[in-house]
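A.B. asks: Numbering (our numbering), first residue to last: 159 to 502. One structure coming up, written as structure tokens, with questions to follow.
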Ligand code: NAD
């Protein structure tokens, strides 16, 4: 029996992690704490919302009293922390929101866990989900390793880097039991349609322009969200405490190539003429301080813990397109705002 607090479980990756843990571990009690920002959507979890071992709680990770009471009520022995502000463009226009949720919120959770566990860290774990963006931009080749020095370049990545530093500082200062994983860009079902792949799927459906930053030359390393959730499962159960694991699928794509592949799949799925969707591409002013290339080396995770991605990118992208096309309601509820009225 484990009592696990998962934060940010109504979001994109969090909902896949919650589903995997609720379905695979019926003897674990999973509490999903999420304050349902614009990115939180309980429609992501309709299939498991009534499961015996699952409970949703609406609340803010920054609220010390509320989080302390939750620990008292559910006696958590583990935390899987995903709650965060996650969109780089929003961090450029409103950095303070990112400092609040990603830095203050994370440290608040750390403090409450530390106080509740009172120095007895046996069978306790605080697992922090982070990003490869903390390592900066790989303009001259190579890969991000777990030992790559931090060099965050956007307010988002700086806030995530800061929260990672607090993890290690608590480990060093209080012997606090933590693990960090840093993952590459995720894609898949349930991603909020402000991020590249779902935004472009939506725009292609609606025959709207596809706004490509700069010349579309930025390179990202893409991983199917379910493979990220599987990696989190493996690291949670088999990872070494006070250690870090990079997660990625050695799957680098130049933005423009990815967009052209997406256009081709969409033309086929929507029975449109080949080339129709590509005509929607429109180049826009580049994002300020846009990192050129991310590429993660996840050899440690595969060699030490045996994890490997289950899908090739073309297959994953096709599955993703199929999901959005057959979940029109999910998209239309976001467009109308009604997804925020879901009862809990
Ligand atoms: P998301 O924006 O889809 O979801 C974030 C969730 O956190 C939302 O449900 C939101 O309501 C919740 N939240 C935000 N602030 C909160 C607060 N103060 N209190 C409680 N809940 C709050 O994000 P995502 O893409 O699913 O990312 C999840 C985590 O994974 C983040 O920590 C992110 O940094 C990390 N990550 C994301 C990616 C990616 O490609 N999306 C890659 C690597 C790491």
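Beta carbons: idealized from backbone N, C-alpha and C, even for Gly. Just so it is clear, the structure is predicted and the values come from calculations on it, not from any experiment.
How do the region 253-260 and the region 274-292 stand: do at least 3 beta-carbon pairs fall below 8 angstroms, yes or no?
C.D. replies: Short answer: they don't touch.
A.B. asks: What is the residue span of the beta strand (DSSP E) that residue 478 lies within?
C.D. replies: On the chain shown, position 320 is the one that residue 478 refers to. Careful: residue 478 lies outside any beta strand (DSSP E), inside the alpha helix (DSSP H) at 471-484.
A.B. asks: Along the chain, which unbroken stretches of the alpha helix (DSSP H) at least 4 residues long are found entirely within the region 350-392?
C.D. replies: If we require 4 residues or more, the alpha helix (DSSP H) runs fully inside the region 350-392 come out as 354-363.
A.B. asks: Let me know if residue 480 comes out buried or exposed under the rule of 16 or more other beta-carbons within 10 Å of its beta-carbon.
C.D. replies: Here residue 480 corresponds to residue number 322 of the chain shown, with the count starting at 1. Per the 10 Å Cβ criterion, exposed.
A.B. asks: Quick check: the Cα distance between residue 287 and residue 485, rounded to an integer number of angstroms?
C.D. replies: For the purposes of this step, residue 287 is taken as the residue at position 129 of the chain shown. For the purposes of this step, residue 485 is taken as the residue at position 327 of the chain shown. Taking the straight line from one Cα to the other gives about 27 angstroms.
A.B. asks: Distance check for residue 305 and residue 172, CA to CA, integer angstroms please.
C.D. replies: Stepping through the chain shown from its first residue, residue 172 is reached at position 14. Stepping through the chain shown from its first residue, residue 305 is reached at position 147. Looking at the two C-alpha atoms, the distance is approximately 26 angstroms.
A.B. asks: What separation, rounded to the nearest whole angstrom, lies between the Cα atoms of residue 290 and residue 382?
C.D. replies: For the purposes of this step, residue 290 is taken as residue 132 along the chain shown, with counting starting at 1. For the purposes of this step, residue 382 is taken as residue 224 along the chain shown, with counting starting at 1. Rounded to whole angstroms, residue 290 to residue 382 spans 15 angstroms at the Cα level.
A.B. asks: Between which two residues does the beta strand (DSSP E) harbouring residue 343 extend?
C.D. replies: As a first step, residue 343 is located in the chain shown; it is residue number 185 there, counting from the start. 343-345 is the span of the beta strand (DSSP E), which, as asked, contains residue 343.
A.B. asks: Heavy atom of the ligand NAD less than 6 angstroms from the Cβ of residue 193, yes or no?
C.D. replies: Residue mapping note: residue 193 aligns to position 35 of the chain shown, counting from 1. Flag set: Cβ of residue 193 near the ligand NAD.
A.B. asks: Would residue 189 and residue 160 be called neighbours here (beta carbons separated by less than 7 angstroms)?
C.D. replies: Here residue 189 refers to the residue found at position 31 of the chain shown. Here residue 160 refers to the residue found at position 2 of the chain shown. Cβ atoms of residue 189 and residue 160: not closer than 7 angstroms.
A.B. asks: Can you round the beta-carbon distance between residue 410 and residue 377 to whole angstroms, since I take them to be within the 8 angstroms contact cut?
C.D. replies: Mapped onto the chain shown, residue 410 falls at position 252. Mapped onto the chain shown, residue 377 falls at position 219. Yes, residue 410 and residue 377 are in contact; Cβ-Cβ is about 5 angstroms, under 8 angstroms.
A.B. asks: Is residue 358 near the ligand NAD, in the sense that its beta carbon is under 6 angstroms from a heavy atom of that ligand?
C.D. replies: To locate residue 358, count along the chain shown from 1; it is residue 200. For the ligand NAD, not one heavy atom lies less than 6 angstroms from the Cβ of residue 358.
A.B. asks: With the cut-off set at 7 angstroms, would you say residue 362 and residue 435 are in Cβ contact?
C.D. replies: The residue you call residue 362 lines up with position 204 of the chain shown. The residue you call residue 435 lines up with position 277 of the chain shown. Yes, these two residues count as a Cβ contact at 7 angstroms.
A.B. asks: Taking the alpha-carbon of residue 267 as reference, which of 285, 449, 460 and 251 has the nearest alpha-carbon?
C.D. replies: Translated into the one-based positions of the chain shown, residue 267 becomes position 109. Checked all of 285, 449, 460 and 251; the closest Cα to residue 267 is 285.
A.B. asks: Can you tell which of 374, 423, 327 and 265 has its C-alpha closest to the C-alpha of residue 400?
C.D. replies: Taking the chain shown and counting its residues from 1, one reaches residue 400 at position 242. Comparing Cα positions, the closest option is 327.
A.B. asks: Considering only the alpha carbon of each residue, which of 340, 293, 169 and 432 lies closest to residue 458?
C.D. replies: Mapped onto the chain shown, residue 458 falls at position 300. Residue 458 has its Cα closest to that of 340, out of 340, 293, 169 and 432.
A.B. asks: Quick check on residue 403: does DSSP put it in helix, strand or coil?
C.D. replies: In the chain shown, residue 403 corresponds to position 245, counting from 1. Looking at residue 403 - three-state DSSP - the assignment turns out to be strand.
A.B. asks: Which of the three DSSP states is assigned to residue 443 in this structure?
C.D. replies: To locate residue 443, count along the chain shown from 1; it is residue 285. If DSSP states are grouped into helix, strand and coil, residue 443 belongs with coil.
A.B. asks: Under 8 angstroms by Cβ, that's how I've got residue 497 and residue 216 pegged, so tell me the actual separation to the nearest angstrom.
C.D. replies: As a position in the chain shown, residue 497 is number 339, starting the count at 1. As a position in the chain shown, residue 216 is number 58, starting the count at 1. At roughly 14 angstroms, the Cβ-Cβ gap does not stay under 8 angstroms, so residue 497 and residue 216 are not in contact.
A.B. asks: Whole angstroms are fine: how far does the CA of residue 185 sit from the CA of residue 235?
C.D. replies: The residue labelled residue 235 in the question sits at position 77 within the chain shown. The residue labelled residue 185 in the question sits at position 27 within the chain shown. Near 14 angstroms, if we compare the C-alpha coordinates of residue 185 and residue 235.
A.B. asks: Thinking C-beta only, is residue 292 closer than 7 angstroms to residue 308?
C.D. replies: Residue mapping note: residue 308 aligns to position 150 of the chain shown, counting from 1. Residue mapping note: residue 292 aligns to position 134 of the chain shown, counting from 1. Contact flag set, yes.
A.B. asks: Return the CA-CA distance between residue 461 and residue 249, expressed in angstroms with no decimal places.
C.D. replies: Taking the first residue of the chain shown as position 1, residue 461 is located at position 303. Taking the first residue of the chain shown as position 1, residue 249 is located at position 91. For residue 461 and residue 249, the distance between alpha carbons rounds to 35 angstroms.
A.B. asks: Could you please give the first and the last residue of the uninterrupted alpha helix (DSSP H) stretch that includes residue 114?
C.D. replies: Since the displayed the chain opens at 159 and closes at 502, residue 114 lies outside it and no answer follows.
A.B. asks: CB-CB under 8 angstroms to residue 324, same chain, minus the five flanking residues each way: which ones, in chain order?
C.D. replies: Start at 1 with the first residue of the chain shown, and residue 324 comes out as number 166. Within the same chain, residue 324 has close Cβ partners 261, 264, 265 and 268.
A.B. asks: If you draw a straight line from the C-alpha of residue 219 to the C-alpha of residue 321, how long is it?
C.D. replies: As a working mapping, residue 219 is identified with position 61 in the chain shown. As a working mapping, residue 321 is identified with position 163 in the chain shown. Near 13 angstroms, if we compare the C-alpha coordinates of residue 321 and residue 219.
A.B. asks: Give me, in chain order, the residues of the same chain whose beta-carbon lies closer than 7 angstroms to that of residue 253; leave out the 5 immediate sequence neighbours on both sides.
C.D. replies: For the purposes of this step, residue 253 is taken as the residue at position 95 of the chain shown. Counting only Cβ-Cβ distances below 7 angstroms, and skipping sequence neighbours, we find 313.
A.B. asks: Can you tell which of 336, 347 and 187 has the C-alpha that lies nearest to the C-alpha of residue 403?
C.D. replies: Counted from its first residue, the chain shown places residue 403 at position 245. Of the candidates 336, 347 and 187, the one whose C-alpha sits nearest the C-alpha of residue 403 is 336.
A.B. asks: Excluding the 5 residues flanking residue 343 on each side, which residues of the same chain have their C-beta closer than 6 angstroms to its C-beta?
C.D. replies: Position 185 of the chain shown holds residue 343. Cβ within range, chain order: 378 and 380.
A.B. asks: Taking 7 angstroms as the CB-CB limit, is residue 291 close to chain B?
C.D. replies: Checking the listed chains, one finds no chain B in this structure; it contains a single protein chain.
A.B. asks: Beta strand (DSSP E) containing residue 191: first to last residue?
C.D. replies: Counting from 1 along the chain shown, the entry for residue 191 is found at position 33. Looking at the DSSP string, the run of the beta strand (DSSP E) that includes residue 191 is 186-192.
A.B. asks: Between residue 218 and the ligand NAD, is there a pair consisting of the residue's CB and a ligand heavy atom that are separated by less than 6 angstroms?
C.D. replies: The residue given as residue 218 occupies position 60 in the chain shown. Yes - the ligand NAD has a heavy atom lying nearer than 6 angstroms to the Cβ of residue 218.
A.B. asks: Three-state secondary structure (DSSP) at residue 501?
C.D. replies: For the purposes of this step, residue 501 is taken as residue 343 along the chain shown, with counting starting at 1. Here residue 501 sits in coil by DSSP.
A.B. asks: Does the beta carbon of residue 284 fall short of 6 angstroms from some heavy atom of the ligand NAD?
C.D. replies: If you number the chain shown from 1, residue 284 lands on position 126. Checking every heavy atom of the ligand NAD against the Cβ of residue 284, none is found closer than 6 angstroms.
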